[in-house]
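Data block below; observations after.
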């Protein structure tokens, strides 16, 4: 699986053959077929594994993450936690470039919507994580739309960064954090909850 | 095709059969198969048609749009043009609810990435339209990321609105326009071009 993930991370799925995966994993072609059934299954399994890695990296309670130098840190000021989470996300984007693009673009041969489900699950997870980070249980409509929109913005920015790479990661990450603050300011005109959240984020008084 | 689009617009693709389409169109099942080859092909064709309708509605030069009461108006203040474009987008979302969701979520049986391509084409088109509206030829990185991110936000807000519907359309549209202004303000810290654009949008001096 690790070998497949690395190959899919470096090349488009069309350019990876079962033979490539087998030889990278030091296994026989037959064994790969035995475990995964075919390239489509292998591809979906690789994407699921990539999604799980992203989720694990963003999960604060995960010990492997807390120990790691690049892990997500809990307990800082909320705005710093947000910036840390974003850094983890872009570490993942950078480390799994083709896989990330495939995850978001849907892949070449998505027979039964499995990839759409993986992407949806990652999005839901990110949203829950942000809400947890912000100590937010039930966002009202304006705040919910804003948080979902921002998540979509981050995804889009990740894809754009992979495509163009003409903006440095630190500047891009800073811009995205600033965008979150600006979006919350707009949302606060429709929902006082967003204003309270903005206050907490800036002042660092997580309740 | 209109009959298929209407059916796919009302129900999930799984719930629409070739027979349904044939009887809605007053045609025989054999004729539908003759023209489209199968349900997957019919579904892709229906989505393509939905995407084309959306693009036509947003295209300022299209006569059918200029004549229509809900068309996109060119020549107003740039910020009003943006708000008009957004209104057209949401008219489409409202009128083709299931089709819009299917377009963005990928559909049930996407064999060769065709649906991904349709979605990408709509996104590219929206981006070009916004750039044209804003009289913008070559955006720098920060501005490009911001415009793409905003387009993703609008899509996400459209899906959220269909799912929850707990925020009125006028309020949601206003919030999205305000978000664009707020995002440009943030982008202006990285790219003076974004600041100029913001100025133009607010003051209505399109150059």
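Residue numbers (the numbering used here), protein chains in the order written: chain A, 1 to 207; chain B, 1001 to 1207. Beta carbons are placed, not taken as given, at the ideal position from N, Cα and C, and that holds for glycine. Just so you know, these numbers come straight off a predicted model, no measurement behind them.
Shown here is that no member of the stretch 1031-1051 of chain B has a Cβ falling below 7 Å from a Cβ of chain A.
Taking a Cβ-Cβ cut-off of 7 Å, the neighbours of residue 1183 of chain B in chain A comprise 179, 182, given in sequence order. Residues of chain A with a Cβ closer than 8 Å to the Cβ of residue 1167 of chain B are, in chain order, 141, 142, 145, 190. Inter-residue distance for residue 35 of chain A and residue 18 of chain A is about 12 Å (C-alpha atoms, whole angstroms).
At a C-beta separation below 9 Å, residue 160 of chain A has these neighbours in chain B: 1141, 1144, 1145, 1148, 1149.
Using a C-beta cut-off of 8 Å, the stretch 162-178 of chain A makes no contact with the stretch 140-149 of chain A, since fewer than three inter-stretch Cβ pairs fall below that distance.
Closer than 7 Å to the CB of residue 134 of chain A there is not a single CB belonging to chain B. Following the DSSP letters along the chain, one finds residue 1023 of chain B inside the alpha helix (DSSP H) bounded by residues 1018-1025.
Ranking A/80, A/44, A/21 by CA distance to the CA of residue 173 of chain A puts A/80 first. Per DSSP, the continuous alpha helix (DSSP H) segment holding residue 180 of chain A begins and ends at 169-188. In the structure shown, residue 1195 of chain B adopts helical secondary structure according to DSSP, grouped into three states. When Cβ-Cβ separations below 7 Å define contact, residue 1186 of chain B makes contact with chain A. Out of B/1159, B/1175, B/1048, B/1182, the CA that lies nearest to the CA of residue 1117 of chain B is found in B/1048. The three-state secondary structure of residue 58 of chain A, taken from DSSP, is helix. Under the 10 Å beta carbon count, residue 1199 of chain B is surrounded by fewer than 16 other beta carbons and is classified as exposed.
Minimum Cα-Cα distance from residue 1086 of chain B among the listed residues B/1186, B/1158, B/1189, B/1030 corresponds to B/1158. One thing to note: residue 156 of chain A has its Cβ within 7 Å of the Cβ of residue 1149 of chain B. Taking residue 1092 of chain B as reference, the option from B/1179, B/1125, B/1124, B/1056 with the minimal CA-CA separation is B/1056. By the Cβ-count criterion, residue 1160 of chain B is buried, with 16 or more other Cβ atoms from all chains shown falling within 10 Å of its own Cβ.
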